[in-house]
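The opening position of the sequence shown corresponds to residue 40 in the working numbering, with each subsequent residue numbered one higher.
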Amino acid sequence: MDRKILLHEKDIPKKWYNLAADLPTPMLPPLGPDGNPVNPEMLTPVFPMNLIEQEVSPERWIDIPEEILDILYRWRPGPLRRAVYLERYLDTPAKIYYKDESTSPPGSHKPNTAVPQAWYNKQFGIERLTTETGAGQWGSALAFACKLVGLECKVFMVRISFDQKPFRKLMMQTWGANCIASPSTETNAGRAILEKMPDTPGSLGIAISEAIEQAVTDPAGKTRYSLGSVLNHVMLHQTIIGQEAKAQLKSIGEKMPDVVIGCAGGGSNFAGLAFPFTADKINGADIEIIPVEPTACPTLTRAPFAYDFGDTACTTPLLPMYSLGHDFVPPPIHAGGLRYHGMAPLVCQCVVEGLHTPRAIDQIECYEAAITWAQTEGFICAPETSHAVAATIQEAKKAKEEGKEKVILFNYSGHGLMDLTGYDAYLSGKLDRYSLPDEMLEKTEECLKKHPQAEARKSGKW
Ligand SMILES: Cc1ncc(COP(=O)(O)O)c(C=O)c1O
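Shown next as structure tokens:
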């Protein structure tokens, strides 16, 4: 039995896969403030043109430059592991495989896109990147990538995580970045929020507004903004995960997975694993593909499909996505990276189409799963990742009930060694079950009704 399935460096994927090329129903376009589709030129104050080209690309495959591969070889190709100890504990006929993204220097999947984003900005003559971070995983990944390619990096970290996770801030500083709590007094967006809500725990939406504002107001024009999830080019860069997983399963003669699972905050680690398999599903394969989110922030399972801004200050284009509303401030659950109001439009279109079937799980069940995982497999997962572990356990139990030898594949998006305050809260009984109350969704409708309608278009095949 293979428990660690490794690829040779020479077999690292050399291209990124763009699902947009294969969608049965094309996505709706992002809209500008006038309600018309945005053109690439309009995005140039925020992103460099070489990344905007990827954002709007209709090409199925995009070459990964050798210089980027040279950086990724530090930890890629990443291992595919079989969770035999969990299988035994659950006494399930299912085979559970997971793609281990925790082996990157910052400890998650985030550098798969941080490195190319930093590299393309550098190529374009940019000197400094700004960004936001929730759990601190993305901020530390961008700090790491900027140092390696020679850019300055400034990170706005959501207040609650800044307070709960001092070690993530120290990692960013170790890689030479400047990390401050958001909302901050450094931007108009931050000051406006602090005036209204001085004690706010912050949100990804607010931090994004601050980071964008700092990028576009640089008088030298040498600063750009970098986003760790949601956008098409971020999903693209992450597809290296699913391509490796496919090659690894094939190398041991394993069949195609029956179930593919990933936790979903903005959608990137899930998409990275799932999109290459989604292509197979479009071509007829029978795979259940499950993005998992918290019941506290149930974007895909309970929010409407609508046009909404990606940030609180309404600086981004209007994106077609499931959204809890750009002014939604999620409750301070411990999976900071899953507290985003929206979701990647590419993932949303797959949900509309019926290609992906989302699921929400309560944080208590997720921590129970994380503890089971740690006490069987041995590794301590990130609170975000625990949502994927919890769904995997649900699926493995279902396979037992059905008596089916299913192959389950999930994405182990990161380790939790910097997130032990969340474990502390759980272990000392301070966490409660929490499902977003219906009243909050009324506010969502109020927020979204001002925007143009987004038609949920689908082929009806799934
Ligand atoms: C370990 C980990 N997993 C998952 C996520 C969620 O982000 P995404 O949905 O873009 O993968 C985060 C975000 O911070 C994270 O740190």
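Think of the CB as a built atom: it goes at the ideal place given N, C-alpha and C, for glycine as much as any other residue.
Predicted, not measured: the structure shown is a model, and the values here were computed from it.
Close-in-space but distant-in-sequence residues of the same chain around residue i (CB under 8 Å, 5 per side omitted)
i, result
"Thr239", "Arg198, Pro222, Ile232, Leu233, Ile245, Val368"
"Pro315", "Tyr56, Thr278, Gly281, Gln282, Ala284, Lys285"
Burial state of residue i (16 or more Cβ within 10 Å)
i, result
"Pro65", "exposed"
"Ala342", "buried"
"Glu80", "exposed"
"Asp477", "exposed"
"Lys285", "buried"
"Met40", "exposed"
"Glu392", "buried"
"Pro337", "buried"
"Ala259", "exposed"
"Asn78", "exposed"
"Trp177", "buried"
"Gln287", "buried"
Spatial neighbours of residue i in its chain, beta-carbon cut-off 6 Å, leaving aside the 5 residues before and after
i, result
"Ala228", "Ser248, Glu249, Glu252, Ala352"
"Trp158", "Ile107, Val188"
"Ala303", "Phe309, Pro330, Glu332"
"Gly146", "Gly453, His454"
Residue i Cβ short of 8 Å to ligand 1 heavy atom set
i, result
"Ser307", "yes"
"Val368", "no"
"Gln282", "no"
"Gly241", "no"
"Lys439", "no"
"Trp37", "Outside the shown range of the chain (40 to 501) lies residue 37, about which nothing can therefore be said."
"His148", "yes"
"Ser268", "yes"
"Glu444", "no"
"Leu377", "yes"
"Thr172", "yes"
"Ala421", "yes"
"Ser452", "yes"
"Thr64", "no"
"Thr278", "no"
"Thr424", "yes"
Identity of the residues DSSP links to residue i by a beta bridge
i, result
"Ile326", "Ile326 pairs with nothing; no bridge assigned."
"Arg167", "Glu191, Thr262"
"Asp102", "Lys54"
"Lys43", "Arg120"
"Phe449", "Tyr137, Ile300"
"Thr172", "Met196"
"Val331", "Cys302, Arg398"
"His454", "Cys420"
7 Å CB neighbourhood of residue i in its chain, flanking five on each side removed
i, result
"Ala60", "Pro97, Glu98, Arg99"
C-beta neighbour in chain B for residue i, strict 9 Å
i, result
"Pro65", "Absence of chain B from the displayed structure is noted, only one protein chain being present."
Proximity test, residue i beta-carbon vs ligand 2 heavy atom, cut-off 8 Å
i, result
"Cys302", "What this structure holds is ligand 1, not ligand 2."
- Task: Pick out the complete beta strand (DSSP E) segments inside the region 175-228, 3 residues or longer, and give them in chain order.
- Result: 191-197, 217-221
- 4-residue-minimum alpha helix (DSSP H) runs that sit fully inside the region 122-160, ordered along the chain: 123-129
- Task: Entirely within the region 344-430 and at least 3 residues each: give me those beta strand (DSSP E) ranges in chain order.
- Result: 344-348, 357-361, 398-400
- Task: Starting from the N-terminal side, write out each stretch of the alpha helix (DSSP H) that is 4 residues or longer and does not extend beyond the region 59-100.
- Result: 88-94
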